[in-house]
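Sequences listed follow chains A and B, in order. The first sequence maps to residues 1 to 159 in the UniProt record's numbering. The second sequence maps to residues 1 to 1103 in the UniProt record's numbering. All residues carry an ideal CB built from backbone N, CA and C; glycine is no exception. From a predicted model like this one, the values you see are computed outputs, not experimental measurements. Structure first, commentary second.
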Amino acid sequence: MASAGKINANPVVYETTQNYQRVWTDADEDEAVRDAFDKQEIFDLIRHINDPEHPLTLEQLNVAQYEHVDVRDDEDYICVEFTPTIPHCSMATLIGLCIRVRLLRSLPERFKIDIRVRKGTHQSENAVNKQLNDKERVAAALENKHLLEVVNQCLAAPS
Amino acid sequence: MDSNLVQAYILSLDTINDHGSQDQALQAIVGVVESGQGSLLSLVQALEEPLTSDRPDQRAKGIKLLASVVGRVQREKIPHAAVKFLVNFFCERLADTTCVPWLIEGLLTIIALPGFTSDFAVDVTQSLFGKVHIQSFQQTTRLQIFKLIQALLDGHLSAIQQCCPQLAVDFMQAMDGEKDPRNLMVCFTLFPVVVQSFALQGQEEELFEIVFCYFPITFKPPPGDTLGITADQLKQALRRCITAVPAFGPYAVDPLVGKLSSTSGTAKLDALQTLTDSLSVYALTDIEPHVTELVSVIREELYQSPDQMLAQKCLATLTALFGKIADPCHIEDALEAAPHPGLRLVIDDLIEQVADHKLTKARISGQIIKCACQSSLYQCVVANRLLIPVLLEKEAQVSGVSDQQIILDILWHILAGSSTQDRVVPDNASVVLHRLWASYTERLFTMMAGAIGSLTSHGEPVVTACRALAAAAAIRPLFSSNETHATLLLLQNAYYSAFTVVRPALLDILAGVVRQHPTQGLAVSSEFLGQRMPLVYDTSRIDAELPWVVAMVRELGLVPALTQPFLAKLLATLQPAANVYPIPAACVSYTQQVLKTLHTLLGSIDVAAHETWIVEVVVPTLVARGVSPTIHLMDVVHAMLIEHSSPGTTPSQAVIISAYTTAANLGHLADCLALVVGGLPVPAQQGVLQSMHGLYFNQDATLLAQGQVATAVVSGDHWLVFDPLASSIPVPTHAGGQTITSAVMTLHHEQQRTMLLFAAMFSMLDPAVNLPVKDESQWADDLVTQALAMPHAEFVTALALCLASWLNKAPIEQSQAVIDLVMPRLVATANAPDSSHPDSVPRAAVLLYQWVAKAWIVRNANAQQTQTFAQQLVAWLNQPTTATVAAQGFQTIAGTHAFALTKPARAHVKRFYHQRFFHLCVPLLVQSFRALSSSSHQSFSTAASTGHDAIKAAYLQALAHLIDSVPKQVLLTELPPLMPMLLSALTVATPNPYLRINTCHTLYVIAIDAPKVLAEHIQTIVPTLVRVASTTRDATTGQPCPMALRTAALKCLGVLPDHLDYTVLHPYRAQVIKDLIRALDDPKRLVRQEAVQCRNKWLIAMG
């Protein structure tokens, strides 16, 4: 069976069409106007990340949600909370790592980025949060070629 | 027949590779038969020795000769009697296995002869199946045999049906075990014909098995396959076999349902499609036992599979299935009868899921019910009868927005499936539908109206509610006229008050309902627009919501019944006179939106039905809006006084005198005018020309009067004469002062700019329309004189458009004569010593020259003439005065204008003139550019260097224009010599970013289609692109890098890792990744998006 051995073999899939698409305005074309980083921009960066287990995106699984992104451009701070599909999901750390890597690669260095499991959605949320926000552990994880390959596969979809 | 000839051929066959001798010998025999010196009968007699030989190879050689001769001899040289003889001869020998390939070849030839009758077809068929063991031959022979059977059945089916009743069984044996895809394609084509035309003789199951054993097809063409047979072709052909006759029903459904549990996605898809096709063929009795299982399996598949394509196939199969099981049911029973167990299963599912709050699954069940509703009116009534009350009740109970949205979504699916828009509803069904909906109309409407009201402050949920309401409006007896009206109002208000992100979706929904109910749609939207669409100068009512109102006009105006009323409304918003100075930017921007929408709707109007209105209202209004501000003297004086008295402003003549005369809006007016005039018939065009010619050339203001502008266009206190072609306009005698004089000069310049409107109209005229002048050639020559006398660029361009359009459409001799007269004059003016004229005169001459050249190149120029024109333009590139305008000339000639000299403008247009011009110009440009570059290396003075840079930029600009106008295939052929020029264009010191943006686009195309060429210059390209992409001003060249350039550079940079070898990119990878961090913090979001993608591509690029 194709789904054998998966942590969550039958996840709920959510519709994504038309959800939170940016409406471009004339100001976006105006060179004189500076476009601040906003929730939509950060959500657009992470919504298309592939789930490590299923051929679905984090948005389709409701792991990444628009409402759970906090952006404060003037304070150079971004916080992304994600929701694992099940409370015992062992992929939570990997998903968090994928989100972190995508943001590390896509945002200027001035931002401090927090990645967290949404409160009350995972049985080991403290441990996962600690791992994801520890710079050294993240750097060490990315030294692992195999892990990096998996992360790159998850990030392969167009952002 | 000379037996020596036969002998010679037989001997030549012994030498396997000596095809020349074989062919020669064969041709000699064919010659004898065709000349009448010998017959086919005599040939057979001459073949006695090989044909009667004990050696099979000798016999085969004899038959090969005969078959080859029959194949080569002209058809008419073979008499009917010979056909009979040949058929008998070949049929008798079919038992001789060695000879079969050549016998089949011969029969394939004979079958096409006119003398081949149905009796012969029967003989051949019987002999073939009686004497030949088809499976034992090699692939090519089997293929020929199947083709022979196909030809026999195609031409003589009825005769073979009568005489060969057992053919289906014989054919089954023949194709049993066939594996070659080429043969299978023919077999699968034959099989349906065979089983539909011949008795199956109790062999239905065997026949079914013989084809079903191939299911599902997993064929993959081998690499480098030249046969061209695809898996899809085989699958479709096999599907036609499996669904060929109802008799296969008892054997087919069960295994097909079994295939749905296959782990292979393609097998599932194939099984679903085959089931869908078979449902219309097989008897209900064969399907009935499997209905519940089938519904259950497909339902599970839908619950589990995220694959969109699979889901669509599942739903299509269910639609066919529900339709099939409704076949014997009567619509009158639908209001009371119990649903079929298959449908009951899904209805119960949905009711249970809604009750248990499993709403995600319920949404999928809603899609399944939609299929049932679509499948037949009977199922539609049954499903709605049982489900609508449940959903109404549930909607009243749910509290959360997302739950409410899902209930509405399910309701939408069911109502959309119940639409009567594309259905024929018989009278008896109509009565039943009335009874069904009568009890729900009010509750449904109230519920959905309430939902829309409560969800307006939410994004996606309100779209779902509106979709459901729109679906209800598409069911004929459901909503009354009042409810439909109220629906339109609700949807319109929802559109206007919802979040902007969902407005496009809501507008689509509204437009869909308006298309179904255009009369009510017009009434509702007209009232709305009356309140929301202000006049263009009504600044108090121009707000940020206005673009959404205009978008609504654009979308709904495309509904045919609304186009003309909406156009009238748009024209009415174009207020003639400004009452506010200086003209606010919001008014200009709003006017631009109105004019763009006007253009869109004018493009979709039925010109023939509204010809009079176009001529009497549209054209005069458009012209009057452009022209009238240029005669309102006091308005402009007022505007200038206000502008000059504003603190912090410096007096200038560049006052915006109206919202219509900005460059962009005047262009839109011209586009609209060109569009409507281009669609008019010749007599109407003649009338329009008459009135516009009167206005522009004879100061006849009748047209302005039609366009509701005061007619007093004679000189007076408040008005100026409209005379754009005059060298100057006298200042009114009783007025005076610097401001008045300045205003008159401004207005005269503005009048000249409006010449574009005349040019737009004139460019679209049919060649049959006559100019209202005595001497057209003189008129054309006068245009040149006037353009050179008043060399403002816009005025000259407008006159050049008129001149070029006339030259392209006038009688060819007349055009040639004018060209011969005008061109030397233009060349002389452009090359004249600069002391005699200001710079604008040579530029005007070059501008006119390029348009005249274009008119002729597009129409009739030969290579020599085109070469002359191109050389002249290149020569002007070297003069600082004319370089820029000459570069523009390459765009003028190679590009396509918005309206002039095009097919819609009824111009004479030679095909591929762009390409020819491109091929001719490239060597000229490259050669001259090289010469220029080598001379610049020897130049030491700064001034000379600056001049060189400007000329170089003009060359590169010319190249950019040329590249822009040709298809990329044409560009790629000329690539290597162009590369150095393109690289220069990336770093050239010119303030105009167009050149560099264009170069980035070109490099992007080259990276995809000719990566090797690009790789040779990688050391220049990558650092330059990175530098341009990551800053708003290039530190090396000091030139600004606008966002369009930064985006283009990033796009180009991002495509490199996909198409160039990693070894080429590796030396630059680390630096590119590092440098692009700056682009990630670009002030513009669009640039940042591109930078993210680009940097990501470089990050994941690995060796």
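Counting every other CB atom within 10 Å of its CB across the protein chains shown gives I812(B) a total below 16, marking it as exposed.
In the structure shown, the three-state DSSP call for D820(B) is helix. Bounds of any beta strand (DSSP E) do not take in Q864(B); it lies within the alpha helix (DSSP H) bounded by A863 to L877. For a cut-off of 8 Å, the C-beta gap from L1050(B) to V1087(B) is around 7 Å, short enough to register as a contact. The residue among T868(B), R443(B) and A894(B) with its C-alpha nearest the C-alpha of K854(B) is A894(B). DSSP places H693(B) in the helix class (H, G or I) of the three-state scheme. Looking at I369(B), A1044(B), G557(B) and A465(B), the one whose alpha-carbon comes closest to that of S418(B) is I369(B).
With respect to chain A, the C-beta atom of T500(B) has a partner C-beta closer than 9 Å.
Nearest C-alpha to L391(B) among R75(B), W412(B) and Q379(B): W412(B). Secondary structure at Q65(A): strand, using DSSP grouped into helix, strand and coil. Proximity to L633(B) across L570(B), R541(B) and E750(B) peaks at E750(B), based on C-alpha coordinates.
In the DSSP assignment, E81(A) falls outside any alpha helix (DSSP H) and within the unbroken beta strand (DSSP E) covering Y77 to F82.
According to the DSSP assignment, I242(B) belongs to no beta strand (DSSP E) but to the alpha helix (DSSP H) extending over A231 to I242. Contact between F171(B) and V186(B) is ruled out by a C-beta separation of about 12 Å, above the 8 Å threshold. Residue range K112 to V117 is occupied by the beta strand (DSSP E) that includes V117(A), with no alpha helix (DSSP H) assigned at that position. At least one C-beta of chain A is nearer than 9 Å to the C-beta of L1099(B).
R72(A) is bridged by DSSP to Y77(A). The bridge partners DSSP lists for N183(B) come to none. By the neighbour-count criterion, in which 16 or more other beta carbons inside 10 Å mark a residue as buried, E105(B) falls on the buried side. If you draw a straight line from the Cα of I160(B) to the Cα of T125(B), it comes to about 8 Å. Excluding residues up to 5 positions away in sequence, P114 and G115 lie with their Cβ nearer than 8 Å to the Cβ of H80(B) in the same chain. Proximity to V169(B) across Q203(B), D422(B), S296(B) and S262(B) peaks at Q203(B), based on C-alpha coordinates. Collapsing the DSSP output to three states places W719(B) in a strand.
Across the structure, S628(B) and L704(B) are spaced so that their CA atoms are roughly 8 Å apart. Between the C-alpha atoms of L157(B) and A121(B) there is a straight-line separation of about 9 Å.
A straight line joining the alpha-carbon of Q21(A) with that of Q40(A) spans about 8 Å.
The contact set of M1043(B) on chain A, defined by CB atoms closer than 7 Å, consists of E31 in chain order.
When T141(B), L207(B) and L184(B) are compared, the shortest CA-CA separation from Q166(B) is found for L207(B). In the DSSP assignment, P504(B) falls within the unbroken alpha helix (DSSP H) covering R503 to Q516.
Shown here for T999(B): same chain residues with a beta carbon closer than 6 Å to its own, the five before and five after excluded, namely L982, A985 and L986 in chain order. Note on P838(B): under 16 other CB atoms within 10 angstroms of its CB, so exposed under the neighbour-count rule. Apart from the 5 residues on each side of it in sequence, A25(B) sits with its Cβ closer than 7 Å to the Cβ of L5, A8, Y9 and S12 in its chain, given in chain order. Comparing C-alpha distances from I583(B) to each of I242(B), D538(B) and A659(B) shows the shortest one belongs to A659(B).
At a Cβ-Cβ threshold of 9 Å, V1026(B) and Q1071(B) count as neighbours. When 7 Å is used as the limit between beta carbons, P1083(B) is near these residues of chain A: R34 and D35, in chain order. Pairing A396(B) with Q65(A), the inter-Cα distance amounts to about 28 Å.
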